[in-house]
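One structure is given below, encoded as structure tokens.
Numbering (our numbering), first residue to last: 949 to 1092.
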């Protein structure tokens, strides 16, 4: 929980700052946050959460990048879609919901869904565990 919270805070703060202060679109802001949060998440999870030291670091990095790219795409496109949907909502207009709050709602909703149904599932069963795919990765990483 602690590593997830730490990386989520880095992700959200980064994405909100670049959306609200720099003016990036919802999708690009989500991507910037995902990059920052992903670096924190992989490092903390490898060291403490999943104790992935039984897997070669190169393999963990490659598998994490594969899962992280999927997460990045799901977060960026999902946030972009939901932000645009919220920004176009006449109901939210009538309630006086600000542009930044609409982005925040979209970002939190998408992030929660992706973190539970993509990141946690794949990190627990694939990234930090030694699986058959590690045999292939070990051959590839030694072949350099």
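C-beta atoms are modelled at their ideal positions from N, C-alpha and C, and glycine is treated no differently.
Predicted model only: the values in this text are computed from it and were never measured.
| Query | Result |
| --- | --- |
| Distance, residue 1022 Cα to residue 1014 Cα | 13 Å |
| CA-to-CA distance, residue 966 to residue 1011, given in whole angstroms | 28 Å |
| Residue 983 versus residue 1090: straight-line alpha-carbon distance, rounded | 27 Å |
| CA-to-CA distance, residue 1042 to residue 1072, given in whole angstroms | 43 Å |
| 6 Å CB neighbourhood of residue 1028 in its chain, flanking five on each side removed | 974, 975 |
| Range covered by the alpha helix (DSSP H) that runs through residue 960 | 950 to 968 |
| Where residue 1045 falls: helix, strand or coil (DSSP) | coil |
| Where residue 1044 falls, given that 16 or more other Cβ within 10 Å makes a residue buried | exposed |
| CB contact flag (residue 956, residue 1024, <8 Å) | no |
| Under the three-state DSSP convention, the category residue 1055 falls into | helix |
| Cβ-Cβ distance between residue 1078 and residue 1003 below 8 Å | yes |
| Coil, strand or helix - residue 971 by DSSP | coil |
| Whole-number beta carbon distance between residue 1066 and residue 1026, since they are thought to touch under 8 Å | About 10 Å separates the two Cβ atoms, so there is no contact after all. |
| Residue interval of the alpha helix (DSSP H) (run including residue 995) | From DSSP, residue 995 is part of no alpha helix (DSSP H); its letter is neither H nor E. |
| Cβ neighbours of residue 988 in the same chain (closer than 7 Å, five flanking residues each side left out) | 954, 955, 958 |
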